[in-house]
Each structure stands twice: as structure tokens, then as C-alpha cells.
Amino acid sequence: MTNLSTLQADYPLQNLNTFGIAARARQFLQVESPVQLRAVFDDPALRATPRLILGGGSNVVLSDQVDALVLQMCLKGRRIVDNNDQRVLVEAAAGENWHEFVLWTLQHGLAGLENLSLIPGTVGAAPIQNIGAYGLEMQDVFDSLTAFDFMTGEMVQLDKAACRFAYRDSIFKHDYKDRMVILAVRFALPKPWQARLAYADVERYLSQRGASDPSPAEISDAIIAIRQAKLPDPAKTGNAGSFFKNPVVSGAKRDSLLEVYPTLVSHVQGTGDYKLAAGWLIDQCGWKGKHLGRAGVYEKQALVLVNRGGASGADVRALASAVQADVLAKFGVVLEVEPVFV
1 MTNLSTLQAD YPLQNLNTFG IAARARQFLQ VESPVQLRAV FDDPALRATP
51 RLILGGGSNV VLSDQVDALV LQMCLKGRRI VDNNDQRVLV EAAAGENWHE
101 FVLWTLQHGL AGLENLSLIP GTVGAAPIQN IGAYGLEMQD VFDSLTAFDF
151 MTGEMVQLDK AACRFAYRDS IFKHDYKDRM VILAVRFALP KPWQARLAYA
201 DVERYLSQRG ASDPSPAEIS DAIIAIRQAK LPDPAKTGNA GSFFKNPVVS
251 GAKRDSLLEV YPTLVSHVQG TGDYKLAAGW LIDQCGWKGK HLGRAGVYEK
301 QALVLVNRGG ASGADVRALA SAVQADVLAK FGVVLEVEPV FV
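Take the sequence shown: its position 234, counted from the start at 1, is 234 in the UniProt record's numbering, and no numbers get skipped.
In C-alpha cells:
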């Protein structure tokens, strides 16, 4: 039982979720070694208990009482695995802070993750959500990962195909949800490096500072500044970042909306479909800066829902549902939630 000596009951989770919801876990274990996961697997009662895998708590909306064994992933470690003419292979443990890992790669002269700067959460959570921003998705640089399988009690290696990545999605949200516990992730950073500057905000920021041929570090600095200007700091205002996925619609649907709303923000996809800006849709429904009970829509970015003080998981769910209903009624477009409701 030594490996489970830190197991705690009725554990407070308010400081472990970025929304700041005052939830409590039925049981809680801080995981600092895969040995602890094996010990949970070997305990019949614990193995039968529902599980919630928790990283930085930045992509979950908790209910007040989480009737589960919460496993907070705290494994640490970063290293360069291989370096050749085609790519640099780097690895980070699941409990590493994502943004700090991105900065670590830049400090070591490694480019490729800079567009994903300042995304909250941990390295282990990145594949689950297939995080993305400013023209880059995690799957674009993903190589493989190591996970613990609660079905077999063994550690396994999964490549990109096995993870079934999609837009803000992966197999870890479906077949492997709370079954596979990610332990470490490896990224293949390509050589030669090419800057990704497709977003107007980034180009504008760099142009204003005379950076015509920006370095990876300069791109990272630009994205950090842009995100800080748009998004609230979870340490000051509880939130889970972008709350809704940007919906993808057919070309015909986009054209019909454009006839009615000439300022519609949309981006063509490789399939010929169009990705719409969810924040723009929400803003047009008048939600920016408004609140419903103790949860609200951020005044600087309608894509972000915030905790106005003392919000519960039910408060956030009610607000999200109201926003979705208004967008559907006005535009005939379904908004999908990014965070997981627990």
C-alpha cells in the first residue's frame, strides 16, 4: 500500500481547476510515478472506482462533487531524444506545464512549437485535446506517446495513427477516455524550420516591431502578447480558455450566411468547407460582457466564459447552453463545447 500512501478522501479541487470551481473529489491521488498507477490497478476497489485524469485543470468544468478517483498527473522530465538532419525528437513527461515546455524548447534552440505558446495546461493533456492555435495543431508535430492502460495494467506506445487526432479531438476523448493515462509525449520538430505566419494578428504585431524575418522566439513573444491582450489570466479570473470550437460548415451554408451577414468571419478549409469564428457568432448574439448568474462571457473575447465569483459547474453549463441556443436560433449553427463537463 506504500505507493498509495498519499491517497486522500473528500479532497478540495478549487485550486486544481482554472475555472476556480469549488469542487471536491471522492478520492484523490497525486501521481508522480507510473508505479502508483499500477498500484491503483492492483487494488480491486480502486480499479472499480470511476476515474478522472486531471492535468492542469484547464479544460474541465467540474461539478461540485466529483464522484471519482481523481488522478492528478505530476510526472516531470524533459529531454532531447534524438537529433538528426530531418528533425529533433523531444520528450516531456505528462505533468510538465505546456507553456514552460515550449519555452524550454526555444531556450535550447529548437523551433516548431512557438505558435502554441501560452496555451494553458500540461503536456499530457495536449494530445487529448489536440491543442492548436495560430495555424498549428499539436498533431502537426506529434510523434508518439507512452501511456498506462487501465484495461491491461501495462504501459503502451501509441503513434499518431493510433491517437486518431481531429480538430480539438482524439481517441482519448472517446474509446480511451479515463482508460489510457498519458505518461510522456514525444514531438518531432522538423528541419529546416519554417515560420507559420498565416494569422493577421501575428503578422501585424511583428510588422509593427519591424520583424520582417522573425525568429521562433520572436513569434513566441508575439503570440504571448496577443493572447495576454485577449484572454483573462486564470489566476485572476476563472476560465477554461476558448470555450467553444469554431464550427465548420459547408460552402453553401457559409454563402447563405454571408448574404445576410456580410461581415461574417470565415476561413476556407482544405475540404472546401468553411470554419466560422465562434467568438464572432456569440458576439453578434449580444453575449459579450454579459452574464447569467455567477458565470459570464468575457468582455474582451466572446469565445471565453468566465467565473464571476462563486460559479458552480451548473452555472457554467447553464450559460453555455444559453449561448448555444441563441447561436443556433440566429445562425442555424451548432456550437460544440471544448472543455469536458465532469
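Don't be surprised by glycine CBs; every beta carbon is placed ideally from N, CA and C.
Next item on the list: Hey, could you find the ends of the beta strand (DSSP E) S144 is sitting in?
Entry: Boundaries of the beta strand (DSSP E) harbouring S144: 142-149, taken from the DSSP string.
Next item on the list: Just confirm the distance between the C-beta atoms of L319 and L305, as a whole number of angstroms; I'd bet it's less than 8 Å.
Entry: Confirmed, Cβ separation roughly 6 Å.
Check: What do you reckon, are the CB atoms on A23 and D64 nearer than 9 Å?
Finding: It is a contact, given that the beta carbons lie within the stated cut-off.
Check: Enumerated in chain order, which unbroken segments of the alpha helix (DSSP H) with a length of 4 residues or greater are wholly contained in the stretch 190-272?
Finding: As far as the stretch 190-272 is concerned, its whole alpha helix (DSSP H) runs of at least 4 residues are 200-208, 216-230, 251-260.
Margin query: Among L13, L46, G57, whose alpha-carbon lies nearest the alpha-carbon of A234?
Written below: Note that residue 234 corresponds to Pro in the displayed sequence, not to Ala. Ranking the options by Cα distance to P234, first place goes to G57.
Checklist line | Residues bridged to K275 [DSSP beta-bridge criterion] | finding: Partner(s): V248, H267.
Notebook entry, point to check: Does DSSP put residue 344 in a helix, in a strand, or in coil?
Noted result: Any question about residue 344 goes unanswered here, given that the chain covers just 1 to 342.
Check: Should P190 go down as buried or exposed, given a rule of 16 or more other Cβ atoms within 10 Å for buried?
Finding: Residue burial annotation: P190 is exposed, with fewer than 16 other C-beta atoms found within 10 angstroms of its C-beta.
Check: Given E218, which residues of its chain have a CB within under 6 Å of its CB, disregarding the five upstream and five downstream residues?
Finding: Within the same chain, and ignoring the five residues on either side of E218 in sequence, the residues whose Cβ sits closer than 6 Å to its Cβ are A211.
Next item on the list: Please classify M1: is it buried, with 16 or more other beta-carbons within 10 angstroms of its beta-carbon, or exposed?
Entry: Note that M1 has pLDDT 45, beneath the 50 cutoff, so the model's placement of it is unreliable and no number is given.
Check: Could you give the distance in angstroms between the alpha-carbon of A195 and the alpha-carbon of P214?
Finding: About 8 Å.
Note to self: Does A252 pass the burial test, meaning 16 or more other C-beta atoms within 10 Å, or should it be called exposed?
What the structure shows: By the neighbour-count rule (16 or more Cβ atoms within 10 Å), A252 is not buried but exposed.
Notebook entry, point to check: Using DSSP with H/G/I as helix, E/B as strand and the rest coil, what is D85?
Noted result: When DSSP states are grouped into helix, strand and coil, D85 belongs to the coil group.
Note to self: If the criterion is Cβ atoms closer than 9 Å, does the pair V156 and V31 meet it?
What the structure shows: Contact: no.
Checklist line | Per DSSP, cross-strand counterpart(s) of L29 | finding: L29 is bridged to L71.
Next item on the list: From the DSSP output, in three-state form, read off L335 for me.
Entry: If DSSP states are grouped into helix, strand and coil, L335 belongs with coil.
Notebook entry, point to check: Can you give the Cα-Cα distance for Q324 and L4, rounded to whole angstroms?
Noted result: When rounded, the distance between both Cα atoms is 42 Å.
Item checked: Buried/exposed call for I80, threshold 16 Cβ in 10 Å -> I80 should be labelled exposed.
Checklist line | Top-ranked residue by Cα proximity to L183, from A229, D149, F101 | finding: When each option's Cα is compared against that of L183, the closest is D149.
Notebook entry, point to check: Where are the alpha helix (DSSP H) runs, 4 residues long or more, that stay fully inside the stretch 84-114, in chain order?
Noted result: Counting only runs of at least 4 residues, the stretch 84-114 fully encloses the following alpha helix (DSSP H) elements, listed from N- to C-terminal order: 98-107.
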